[in-house]
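So that you can map any letter, position 125 of the sequence shown is 107 in this note's numbering, and since no number is skipped, the others follow by simple counting. Just below is one structure, and these are the notes that go with it.
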Amino acid sequence: SRLEQPLLSVLFSESQGALLDETGYTQPALFSVEYALAQLWQSFGVRPGAVLGHSVGEYVAACIAGVLSLEDALGLITTRAQLMQALPGGGAMAAVFAGQERVSGAIAGYEERLSVAAVNAPEEVVLSGEEGALDEVLALLAAEGIESRRLSVSHAFHSPLMEPMLEHFEQAAAEVTHHQPQLEFVSNLTGGPLEGIEPGYWRRHVRGSVRFADGIRALYEQGYRHFVEIGPHPVLSGLATRCLPVGEVSVLPSLRRGRDDWEQVLQTLSALYCAGVSVDWVGFDRDYPRYRTSAPSYPFQRERYWLDAPVRSASPRRADGHPLLGRRQPLAGTDN
């Protein structure tokens, strides 16, 4: 193992859960959860026609597309995380609620200290880099009425602060075997289909911008209408819906924080089935013991289930038709 603590213990042990906040464990944990979810959906017969990742998610996408083996992908993401963990702190990131052109113009002159880390939606761009430079740019944007939100991160990902690790990471990427994609693989770097991949790609991926908005729109333009987010919480689902026409697509989560995992999976599975997605029900039921039994038809046969209640005779009717008239009746609540 390349991790000091076993990943399963970090994921499921309360005593070691704090390690999930460290980049060295966060990225392998995200990869593992996302890969496991992808395999779960495929065991149900829900197989993707195309894959699109977001930063760490692109490694999972590459694995599902057959570009990397599971062993190589997990080793590469672990190396990436450890190299980033070793970098100095002091970086910061923020989501800016404005278009890419406006945000790129705001960081003019700051290019050696700041970068556009991601273009997530038409009006949501992530900036990353030195904290002081980020504060200055956010203040300038705020003066123009442009809102922003600081992100809780350990390092400034996809920024100039990542450059000290690039050479070592490219060497690690050169040691793994890359294959041609076996299904459509949309690139973070271009926002379009990726035909082939080589070690230098992962170096550029660390430093370049994540073009999620372009990627999700590219899939829509190719006719895709149903999207399933693979992750612990549907962060990207909201971004995707802001990139696509309202009412024309379904963007469904795998898990949702604060909700029972199995309940959420079943809700999404039912939504996919109702939308016409083929489900392998045998695969869905494979892990559970089932026993066939014959249910009685209706009406019931062989045995009688009606209750035999005592028969009570009705009071004789008077000639005038009312059974209570002309008779002494006890007063309720008394013995008389």
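Here a beta-carbon is modelled for each residue, glycine too, at the ideal position from N, C-alpha and C. It should be emphasised that the depicted structure is a prediction, and the values quoted were computed from it without experimental measurement.
The DSSP-derived three-state label of Phe13 is helix. Here Trp288 is exposed, its C-beta having fewer than 16 other C-beta atoms within 10 Å. Rounded to whole angstroms, the Cβ separation of Leu171 and Arg186 is 6 angstroms, and the two are in contact under 8 angstroms. Rounded to whole angstroms, Phe79 and Tyr202 show a C-alpha spacing of 23 angstroms. Cβ neighbours of Phe13 within its own chain (closer than 8 angstroms, five residues either side excluded): Val38, Tyr41, Val42, Ala55, Leu56, Ile59.
With a contact defined as Cβ atoms closer than 8 angstroms, Val231 and Ala99 miss out at about 25 angstroms. Membership of Arg62 in the alpha helix (DSSP H) is indicated by the continuous run 52 to 67. Rounded to whole angstroms, the gap between the alpha carbons of Val261 and Glu126 is 51 angstroms. Cβ atoms of Ala195 and Pro70 stay farther apart than 8 angstroms, at about 31 angstroms.
Looking at the DSSP output, Pro175 bridges to Val168. Going by DSSP, His187 is part of the alpha helix (DSSP H) stretching over 181 to 189. Around the beta carbon of Thr8, a 10 Å sphere encloses 16 or more other beta carbons of the protein chains shown; the residue is thus reported as buried.
Residue state for Gly73 is assigned as strand, using DSSP reduced to three classes. The Cβ atoms of Trp263 and Gly87 lie no closer than 9 angstroms to each other.
In the DSSP assignment, Pro292 falls outside any alpha helix (DSSP H) and carries neither an H nor an E.
At the C-beta level, Ser141 and Gly111 come within 9 angstroms of one another.
Phe167 places its beta carbon 9 angstroms or farther from that of Ala18.
DSSP places His140 outside any alpha helix (DSSP H), giving it a letter other than H or E. As DSSP reads the structure, Pro235 sits in a beta bridge with Glu211.
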